[in-house]
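Down below is the structure, laid out as structure tokens.
Number of protein chains: 2
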Amino acid sequence: MKPEKESSEKNISTEEKIKSAARIVFHQKGFAAARTRDIAEEAGINLALLNYYFRSKEKLFNIVMLETFQDFFSSIFSVFNDVDTSLEEKIEKFASNYIDLLFREPEIPLFIVNEIRNNVGELMDKINIRNSVFNSEFVKQYNKAIKEGRIRNLSFQHFMMNFMGLLIFPFIAKPLFKEINGLSDVQFNKVIEERKQLIPVWLKSIMTV
Amino acid sequence: MKPEKESSEKNISTEEKIKSAARIVFHQKGFAAARTRDIAEEAGINLALLNYYFRSKEKLFNIVMLETFQDFFSSIFSVFNDVDTSLEEKIEKFASNYIDLLFREPEIPLFIVNEIRNNVGELMDKINIRNSVFNSEFVKQYNKAIKEGRIRNLSFQHFMMNFMGLLIFPFIAKPLFKEINGLSDVQFNKVIEERKQLIPVWLKSIMTV
DNA sequence: GTCTATAACGTGATAGAC
DNA sequence: GTCTATCACGTTATAGAC
């Protein structure tokens with residue numbers, strides 16, 4: 001009775017409708033606060049169909065979560081593994097690309113961070129992010145630059161915390177920053193836009209102090 | 001029937017027991033995923049007592065949230081408004097104090113950021129953080145330093161995003177950093193401990209580039 | 001004030017008609 | 001495949017005895 005190998009247009013379309021509705025609702029509310037009824041409504045379908053296609057809320061969530069992670073991290077590694085760019089160019093390109101990505105999907109960082117905490121391990125194994133990072137062209141170039149004395153001998157751990165903190169945290173704490181500085185959405189985005197250029201400059205100054 | 005002005009030892013003690021149990025559970029799981037049964041069990045009391053003292057899960061949550069915010073932000077402003085320290089000293093002291101605070105209560109940043117998003121406004125008004133920041137001694141010193149040309153003309157918005165991002169983000173993304181770098185809890189804490197000294201140095205180099 | 005028992009409700013999931 | 005109606009269960013909240 002499960003629609004496993006079906007390929008009629010209508011079938012695929014409905015399944016995708018549910019999945020993309022689930023992305024929206026889960027990203028916004030997290031697993032616990034999201035209701036299957038919200039997802040069904042967002043998708044414009046009946047609640048029963050959700051269970052027909054995905055069997056349970058949890059199974060649907062796991063699919064959404066895994067896809068979100070893969071999307072999010074694959075966009076990182078495409079820049080990190082480009083063999084034709086220097087370390088400095090990678091940093092600039094990454095900052096710019098990543099901020100664009102966060103403009104498009106600003107809820108993802110908080111979603112990822114929350115659900116990692118509730119999952120720990122089970123998920124991490126599936127995407128094996130550790131190896132992807134350490135075998136990347138970026139890390140090789142980073143270590144080479146240190147060996148050649150071109151940048152300060154700062155552990156990659158600190159570098160990553162700095163880079164991600166500077167890029168991602170403003171999105172995570174967006175409502176707080178907006179309130180403190182009295183910014184509209186447009187003004188906030190303008191401040192973030194400036195950071196595309198600023199963050200690489202700041203990182204460079206940190207690395208060469 | 002409500003225990004409004006009661007002051008017998010036993011009464012206060014039970015109310016406090018529930019509230020501090022609620023802090024623990026809410027901080028860990030957020031509002032939606034926390035169950036009143038968890039809180040009652042954590043407090044070592046009967047579930048009915050929770051409703052007797054606080055009327056509802058939501059009312060209890062609002063109290064916990066407000067107190068958490070006040071604790072968290074008041075610890076900021078005590079450093080920011082010390083008139084006897086320089087800008088540089090405030091940055092050093094704040095970094096050190098704040099990291100110690102986060103060691104003690106590492107779930108708070110994620111809790112705050114999540115619940116601000118689900119609340120927006122209603123909560124912000126109550127603590128009026130905007131005025132507290134802009135009237136602080138810290139901001140005055142920051143602007144004075146710019147006017148005197150001692151530091152770069154970088155808007156306070158960016159400075160705050162940088163400072164908070166460098167300090168707080170590692171705690172928010174702790175499981176991710178631990179996994180990527182293959183760190184134990186002890187090793188992770190050691191890395192963070194190093195940042196107490198490093199972050200002020202980095203900020204200074206950013207501000208004088 | 002504190003407990004047990006239970007009501008009232010919301011939510012995930014399924015049966016069965018079409 | 002899609003819908004309506006309903007079940008089954010977990011959770012919040014309350015009534016009432018002590």
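Sequence order for the protein chains is A and B.
By our numbering, the letter at position 62 of the first sequence is numbered 62, and the numbering carries on one by one without gaps.
By our numbering, the letter at position 167 of the second sequence is numbered 167, and the numbering carries on one by one without gaps.
For glycine and all other residues, C-beta sits at the position ideal for the given N, C-alpha and C.
Along the chain, where does the alpha helix (DSSP H) containing B/Ala145 start, and where does it finish?
Glu137 to Lys147
For A/Glu15 and chain B, any beta-carbon pair shorter than 7 Å?
no
For A/Val113, which residues in the same chain have their Cβ closer than 8 Å to its Cβ, ignoring the five residues on either side in sequence?
Ile172
Under 7 Å between beta-carbons, which chain B residues line up against A/Asn181? List them in chain order, please.
Gln157
Exposure of A/Glu16, with buried meaning 16 or more beta-carbon neighbours within 10 Å:
exposed
Top-ranked residue by Cα proximity to A/Tyr98, from A/Ser136, A/Asp71 and A/Ile180
A/Asp71
Establish whether the CB of B/Met65 and some CB of chain A are separated by less than 7 Å.
no
Would DSSP call B/Ala43 helix, strand or coil?
helix
Could you tell me whether the segment 119–132 of chain B touches the segment 179–189 of chain A, where touching means 3 or more Cβ pairs closer than 8 Å?
yes
Who are the Cβ neighbours of B/Met207 in its own chain at under 7 Å, not counting the five residues just before and after it?
Ile151, Arg152 and Leu154
Close beta carbons around B/Phe61, own chain, < 7 Å, minus the five adjacent residues each side:
Phe26 and Phe31
List the endpoints of the continuous alpha helix (DSSP H) containing A/Asn189.
Asp185 to Thr208
Figure out for me which residue from B/Thr14, B/Phe69 and B/Ser56 has the closest Cα to the Cα of B/Gly44.
B/Thr14
Under the three-state DSSP convention, the category B/Val83 falls into:
coil
Taking Cβ-Cβ distances shorter than 7 Å, what residues in chain A pair up with B/Val83?
Simply none; closest approach about 22 Å.
Do B/Pro109 and B/Ile168 have their C-beta atoms within less than 7 Å of each other?
yes
Distance check for B/Tyr53 and B/Pro3, CA to CA, integer angstroms please.
With a pLDDT of 48 at B/Pro3, under the threshold of 50, the predicted position of this residue should be treated as unreliable, and no value is reported.
Go ahead and pull the three-state DSSP assignment for B/Ser75.
helix
Listing by chain order, which chain B residues have their CB less than 7 Å from the CB of A/Pro175?
Ile116, Arg117 and Val120
Have a look at A/Lys29, A/Ser205 and A/Trp202 and flag the residue whose alpha-carbon is nearest the alpha-carbon of B/Glu115.
A/Lys29
Strictly under 7 Å for the Cβ-Cβ distance: is A/Pro170 near chain B by that measure?
yes
Using a Cβ-Cβ cut-off of less than 8 Å, give me the residues of the segment 136–153 of chain B that come near chain A, in sequence order.
none
Quick check on A/Glu107: does DSSP put it in helix, strand or coil?
coil
Label A/Arg23 either buried or exposed according to how many other C-beta atoms from any shown protein chain fall within 10 Å of its C-beta, with 16 as the threshold for buried.
buried
Strictly under 7 Å for the Cβ-Cβ distance: is B/Ser96 near chain A by that measure?
no
According to DSSP, is A/Asn128 helix, strand or coil?
coil
In whole angstroms, what is the alpha-carbon distance linking B/Val201 and A/Leu50?
53 Å
To which residues of the same chain is A/Arg37 closer than 7 Å at the C-beta, ignoring the five residues directly before and after it?
Leu47
Where the alpha helix (DSSP H) through B/Gly165 begins and ends
Phe156 to Ile172
Classify B/Gln157: buried if its beta carbon has 16 or more other beta carbons within 10 angstroms, exposed otherwise.
buried
Buried or exposed for B/Leu203, going by 16 or more other Cβ atoms inside 10 Å?
buried
Look at the alpha carbon of B/Glu194 and the alpha carbon of B/Ser96, and state the distance between them as a whole number of angstroms.
10 Å
Taking the alpha-carbon positions, what's the A/Phe188 to B/Val64 distance?
29 Å
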